[in-house]
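Below is one structure; the comments refer to it alone.
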Amino acid sequence: MTNTETVQYCYESVNGSCPKAMRLNIPHVPMYIFMTGTILFTITGNMLVIIAISHFKQLHTPTNLGCLVMPYSMVRSVEPCWYLGKMFCKIHSSCDVMLCTASILHLCFISIERYYTVCDPLRYKVRMTLFSVLVMIFIISWVVPTIFAFGVVFSEINLAGIENLLETSSCMGSCALLFNELSVSSGNRVFIPSIIMLGIYIKRFLVARKHARAIEGVTEKNNEGKTNRISRNKEHKPAKTLGLVMGIFLIYWVPFFITTIIDPIINFSTPPIIFDTFVWFGYFNSAFNPILYAFFYPWFHKALKLILSCRLFDSDSSTINLFPK
């Protein structure tokens, strides 16, 4: 039996239909269960952070991937064909690029805010004004990614120069987002924020270590052994935070963007399963963000207990002190 006799198409009665993608021999149900669990974990974790920060007034300082993108990416990854149409594919791809870029930029601006808290506290209120926060969060982190994502996908700038490839490979039943040589600029969406974050966290670590040593030098005369132990813990904590945040961020996002940059060079021969795997790695980063930036803080532990015990409905719950004395 020849290969042509065994090929199945997404739309058997339509000319130009894509052949059904060959997936690994894994039952669909376990894949749906695993991916649905990841989606629910992402939505729940980020929603708890949003509720805590929006409800408790003590957290009102200048300091949607799971719903809009991940369910459709799950269908695209599990099913052999895309049955939701070309227009919805463009909308889905645009939202994917927009929200992933927004997530990365938010992480970058969080690191900038933390930098001023540790390294330049005297000028914190001057730098982190309401206007600057609005510019960083709404303009740079949301408006710019939206214009970039929808502009690139719907104008098809990303397809310029690869029309011959599209003529031979384009078919009905596929939802693949291709990038030409301009994908290098797309990769900058993660590499530039990564470099900024790395520099900021290294600077924070050096400043925190300097402060810890200064405190140790002042107080070691009173209680040498105990003070040395405490100061070493304070010195090591920024290093652990730096390694954890940057490690997970790079592990989850860099493989996808490197693949996106290399794919045009190797004539777009990267297997779809590789792209799907690296895309979901990036999604996992969004799932872990609440753990990295909220669950490690004592105030969130207390806020979480209040949320789960339905104390939010108490009249004075928004003014509860969340910070340890």
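Residues 31 to 355 (the working numbering) are what the sequence shown spells out, left to right.
Glycine included, each C-beta is placed from N, C-alpha and C at the ideal position.
Since the structure is predicted, the reported quantities are computational estimates derived from the model, not experimental observations.
{"Asked": "Unbroken beta strand (DSSP E) runs of length 3 or more, entirely within the region 277 to 303: which are they?", "Found": "none"}
{"Asked": "Under a three-way DSSP split, which group does L236 fall into?", "Found": "helix"}
{"Asked": "Have a look at R243 and F330 and give me their C-alpha separation to the nearest angstrom.", "Found": "29 Å"}
{"Asked": "Got a sec: does the ligand GTP put a non-hydrogen atom nearer than 8 Å to the Cβ of A206?", "Found": "Of the ligands one can find in the structure shown there are none, so the ligand GTP has no counterpart to examine."}
{"Asked": "Let me check one thing: in DSSP terms, what residues is M202 bridge-paired to?", "Found": "S47"}
{"Asked": "Identify the residues that DSSP records as bridge partners of Y39: which are they?", "Found": "P49"}
{"Asked": "Helix, strand or coil for G67? Go by DSSP, reduced to three states.", "Found": "helix"}
{"Asked": "Can you find the residues in the same chain that come closer than 6 Å, C-beta to C-beta, to S124, ignoring five residues on each side of it along the sequence?", "Found": "A179, F180 and V183"}
{"Asked": "Give a yes or no on contact between the region 272 to 282 and the region 96 to 103, applying the rule of three or more CB pairs nearer than 8 Å.", "Found": "no"}
{"Asked": "In this structure, how does DSSP classify L352 when only helix, strand and coil are distinguished?", "Found": "coil"}
{"Asked": "Roughly how many whole angstroms lie between the Cα atoms of I73 and G203?", "Found": "29 Å"}
{"Asked": "Let me know if F343 comes out buried or exposed under the rule of 16 or more other beta-carbons within 10 Å of its beta-carbon.", "Found": "exposed"}
{"Asked": "Is C111 near A51, with beta carbons less than 9 Å apart?", "Found": "yes"}
{"Asked": "Tell me which residue opens and which closes the alpha helix (DSSP H) that P151 is part of.", "Found": "Unbroken run through P151: none, as it is neither H nor E."}
{"Asked": "Relative to the alpha-carbon of M288, which residue among E211, F118, L236 and N351 has its alpha-carbon at the smallest distance?", "Found": "For the sequence presented, residue 288 should be read as Ile rather than Met. The candidate whose alpha carbon is nearest that of I288 is E211."}
{"Asked": "For the putative contact between D126 and S103, defined by C-beta atoms under 8 Å, what is the C-beta separation to the nearest angstrom?", "Found": "7 Å"}
{"Asked": "According to DSSP, is N76 helix, strand or coil?", "Found": "helix"}
{"Asked": "Cα separation between E193 and I83?", "Found": "48 Å"}
{"Asked": "When DSSP labels each residue in this structure, what does F209 get in the three-state scheme?", "Found": "coil"}
{"Asked": "Just to confirm the assignment: which complete beta strand (DSSP E) runs, minimum length 3, are found wholly within the region 151 to 194?", "Found": "none"}
{"Asked": "Are the CB atoms of S171 and H136 nearer to each other than 9 Å?", "Found": "yes"}
{"Asked": "E5 by DSSP, collapsed to three states: which one?", "Found": "With the chain represented from 31 up to 355, any question about residue 5 goes unanswered, as that position is not in the structure."}
{"Asked": "For V44, does the count of other Cβ atoms within 10 angstroms reach 16, so buried, or fall short, so exposed?", "Found": "exposed"}
{"Asked": "Rounded to a whole number of angstroms, what is the C-alpha to C-alpha distance between C48 and Q38?", "Found": "9 Å"}
{"Asked": "So what does DSSP say about C130, is it helix, strand or coil?", "Found": "helix"}
{"Asked": "Quick one: what's got a C-beta closer than 8 Å to K120's C-beta in the same chain, skipping five residues either side?", "Found": "V183 and F184"}
{"Asked": "Just to check my reading of the structure: K332 and L352 have Cβ atoms closer than 8 Å, yes? What is that Cβ distance to the nearest angstrom?", "Found": "5 Å"}
{"Asked": "When you compare each of N188, F221 and C138 to M227 by their alpha carbons, which one comes out closest?", "Found": "C138"}
{"Asked": "Would you call Y231 buried or exposed, if buried means 16 or more other Cβ atoms sit within 10 Å of its Cβ?", "Found": "buried"}
{"Asked": "Answer with buried or exposed for I134, where buried requires no fewer than 16 other C-beta atoms within 10 angstroms of its C-beta.", "Found": "buried"}
{"Asked": "Is C97 helix, strand or coil when you go by DSSP?", "Found": "helix"}
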